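**Q** In this note's numbering, the protein residues as written are 9 to 266.
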């Protein structure tokens, strides 16, 4: 009887873990740039394992909300406000360094002003940590000097990779004035929670993310030594600078996973 009871409890725990998911509520006001993006997580969430089913928030005047999520399989990923949000939304996906990945304004599968992004156009090249942003039409991402990442004259119903004059540069600001819009609900598939490190995915010392902490990672640290900024892959201590602490972290983990 005891063995059966333990077995039942174990199976129950596994099923509970497998079915766990997050319906995330914006905390305060999510930031609009990579450095201030809000981490989508929960106390009992497993990074890149616990599914995120939805994100709910509030859109204020001239507002953009950006969230940090994990995508483990680009083919299964989607984010949609179609049928969930009453105002004219825009959805955007960026890499952690702010480089644009994919965007949609109006529902690519039919009428309405809801938005949907997925990987139908193969804009998402690999699994990883990404930044999902929502804005009201027509507030768009621009570089720090005000140039567009996506073409303003592009097809509003298309799911588009960056196609503007500065498509290969990171978002540095947002252009276009908008009024407050109220609540939104983004439905997600293939999206997962992130850890407290957020975009700092090289925290263990594996700078090139090949599963092995070795000479290549050490060399990357040495070449980038002294660099400062947000989300540098060589900044394995996640403190904004590549220095002795990062070198020591890689040396301490040397050989891990190899």
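Glycine included, every Cβ here is placed at the ideal spot set by N, Cα and C.
Source: prediction; values computed, not measured.
Assuming contact is defined by CB atoms lying nearer than 9 Å, are residue 75 and residue 45 in contact in what I supplied?
**A** Walking along the chain shown from the start, residue 75 turns up at place 67. Walking along the chain shown from the start, residue 45 turns up at place 37. Cβ atoms of residue 75 and residue 45: closer than 9 Å.
**Q** Would you mind stating whether residue 215 and residue 262 have Cβ atoms separated by less than 9 Å?
**A** Within the chain shown, residue 215 is the residue found at index 207, counting from 1. Within the chain shown, residue 262 is the residue found at index 254, counting from 1. No.
**Q** Specify the secondary structure class of residue 259 as computed by DSSP and reduced to three states.
**A** Stepping through the chain shown from its first residue, residue 259 is reached at position 251. The answer is helix: DSSP assigns residue 259 an H, G or I state.
**Q** Using a Cβ-Cβ cutoff of less than 8 Å, which residues in the same chain neighbour residue 83 once the five nearest sequence positions on both sides are dropped?
**A** Counting from one through the chain shown, the residue named residue 83 turns up at place 75. Closer than 8 Å at Cβ, skipping near neighbours: 127, 198.
**Q** In the DSSP output, which residue or residues are listed as bridge partners for residue 124?
**A** Working through the chain shown from its first residue, we reach residue 124 at position 116. In the DSSP output, where bridge partners are listed per residue, residue 124 has 88.
**Q** Check residue 183 in the structure and name its three-state DSSP category.
**A** Here residue 183 corresponds to residue number 175 of the chain shown, with the count starting at 1. Residue 183: strand per DSSP, three-state reduction.
**Q** Since residue 31 is in the beta strand (DSSP E), which residue starts that stretch and which ends it?
**A** In the chain shown, the residue the question calls residue 31 occupies position 23. Taken as a continuous stretch (DSSP letters only), the beta strand (DSSP E) holding residue 31 covers 30–33.
**Q** Using a 10 Å radius around the Cβ and a threshold of 16 neighbouring Cβ atoms, would you call residue 266 buried or exposed?
**A** On the chain shown, residue 266 is found 258 positions in, with the first residue counted as 1. Exposed.
**Q** Do residue 50 and residue 63 have their CB atoms nearer than 9 Å?
**A** For this step, residue 50 is matched to residue 42 along the chain shown. For this step, residue 63 is matched to residue 55 along the chain shown. Not in contact: residue 50 and residue 63 (Cβ atoms no closer than 9 Å).
**Q** One question on the structure: do residue 103 and residue 138 come within less than 9 Å of each other, judged by their Cβ atoms?
**A** Translated into positions along the chain shown, residue 103 becomes position 95. Translated into positions along the chain shown, residue 138 becomes position 130. Going by C-beta atoms, residue 103 is nearer than 9 Å to residue 138.
**Q** Leaving out five residues before and five after residue 95 in sequence, what residues of the same chain have Cβ atoms less than 7 Å from its Cβ?
**A** Indexing the chain shown from 1 puts residue 95 at position 87. Closer than 7 Å at the Cβ level, and outside the excluded window around residue 95, lie 144, 189, 190.
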